[in-house]
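Scroll down for the structure; my scribbles are underneath it.
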Amino acid sequence: MTESETGGPELYFPALGGVYEKLTPYTWPLVRVTVGLMLVPHGWMKLIGGGLEGTARFMA
Numbered sequence: 043m044t045e046s047e048t049g050g051p052e053l054y055f056p057a058l059g060g061v062y063e064k065l066t067p068y069t070w071p072l073v074r075v076t077v078g079l080m081l082v083p084h085g086w087m088k089l090i091g092g093g094l095e096g097t098a099r100f101m102a
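Here the sequence shown is numbered in our numbering, starting from 43 and rising by one per residue.
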């Protein structure tokens, strides 16, 4: 059976179906914010650490 035949994916906790439904619009924004925050340290040294040369000195 496919998802289209069953009407959607199975829920891990069916009793929380209402909570899942209310939080669904926020899932992708949450993923984007989380990934963005994880990437901040990688670009931060390039911004304030003297460019690529400063970053290279920091890593050496």
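Even glycine gets a Cβ: it sits at the ideal position worked out from N, Cα and C.
Bear in mind the structure is a predicted one, so any value in this text is a computation, not a measurement.
Length of the line joining the Cα atoms of residue i and residue j
{"i": "Gly50", "j": "Thr97", "result": "48 Å"}
{"i": "Tyr62", "j": "Arg74", "result": "18 Å"}
{"i": "Leu65", "j": "Ala102", "result": "44 Å"}
{"i": "Pro71", "j": "Ala57", "result": "24 Å"}
{"i": "Val77", "j": "Ile90", "result": "21 Å"}
Residue i in three-state terms, based on DSSP
{"i": "Pro67", "result": "helix"}
{"i": "Gly49", "result": "coil"}
{"i": "Ala102", "result": "coil"}
{"i": "Gly92", "result": "coil"}
{"i": "Tyr54", "result": "coil"}
Whether residue i touches residue j by CB criterion (7 Å)
{"i": "Met80", "j": "Phe100", "result": "no"}
Supposed contact pair residue j and residue i - C-beta distance, whole angstroms, cut 8 Å
{"i": "Gly59", "j": "Leu53", "result": "6 Å"}
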